[in-house]
Amino acid sequence: MLVYVLDTSAVTDPRLRGVLGVSSLESVVRELTRWFTRAHISAGAQFYMTPSTALELRGFLERNGVGDDVINAFLSIVSIKAPDMYGTRIPAHVMSNWIQEVSMRFYRGLRVAEQMVRKSSGLAYSAGEKGDRDLLEKQIAEAIHELRARYREATRKGVIDTIVDFDSVILAKELNGSLVTNDDGIKRLCQELGVKYIDPPLFISQLLIILREKTPRRP
């Protein structure tokens, strides 16, 4: 049985526009709806999302101008299922590794903050000497932007950091399905737990192969 668990990036990955030959996010959602329907009918493929992922996806699509009718049509062919958080077991070493990783990333984030404070202090002193308030405000805004980017890189990239992501991994493990995602942190946890995963563009290629095999050929 073909079972896929979708995270948000299974729909929102920008590369899907090129793969599907469309130019807008709404068109991507329409095409995925059509493809999923065909795959379900011809190959029995099943598509799942956790409630938290479905809620996050709906919010993202609405904010980016995708119509309610398009969103509802897509979600109507996706089964919404919460993971079994009590019956699904994960090895203790996975949690141990995660705690160590988070602790290390907290330290990295602290180091980034310290570096940015030193840098900002120098910029503020220089702008203050010149008496240029506009320059000071500009430099502060740039420093905050840089701090956010560097802090995010140090603390979040490559690690599970939301319950939405964790839910998707646990559901894929529970269903023995393939998790469709482009998130490095999710992929890393999948590797540790032996959960199958696939990148969104490769997922589309896989569906195409399946549909070709299942479509009757004309004599």
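Using numbering that gives the first Met the number 0, the final residue of the sequence shown is 218, and nothing's skipped along the way.
Glycine included, C-beta positions come from ideal geometry on N, C-alpha and C.
Bear in mind that the values here come from a model prediction, so they are computed numbers and not experimental data.
Sequence-distant residues of its chain with Cβ nearer than 7 Å to residue i (five each side left out)
i: Thr7; result: Thr52, Glu55, Leu56, Phe59
i: Gly66; result: Glu25
i: Trp34; result: Leu206
i: Val255; result: A question about residue 255 goes unanswered here, because the residues of the chain that appear run from 0 up to 218.
i: Arg37; result: Leu210
Chain B within 8 Å of residue i, Cβ atoms only
i: Thr161; result: Of the chains in the structure shown, none is chain B; there is only one protein chain.
Simplified DSSP state of residue i, which is helix, strand or coil
i: Tyr47; result: strand
i: Ser177; result: strand
i: Val111; result: helix
i: Val10; result: helix
i: Ile79; result: strand
i: Ser95; result: helix
i: Tyr85; result: coil
i: Ser120; result: helix
Own chain partners of residue i with C-beta closer than 8 Å, once the 5 adjacent residues on each side are dropped
i: Val168; result: Ile159, Leu178, Ile185, Leu188, Cys189, Leu192, Val194
i: Thr32; result: Val69, Ala72, Phe73, Ile76
i: Glu141; result: none
i: Lys213; result: Ser41, Ala42
Beta-carbon proximity list for residue i, same chain, < 6 Å, skipping 5 on both sides
i: Arg149; result: Val111
When the options are compared against residue i, the one with the closest alpha-carbon
i: Pro82; options: Pro199, Lys213, Asp166; result: Asp166
i: Lys80; options: Tyr196, Ser119, Phe46; result: Phe46
i: Leu5; options: Ile40, Pro200, Arg147; result: Pro200
i: Ala171; options: Val101, Asp183, Thr49; result: Thr49
i: Leu146; options: Arg107, Leu19, Ala91, Met84; result: Arg107
Strand pairing of residue i, partner residues [DSSP]
i: Leu5; result: Val179
i: Ile197; result: Val179
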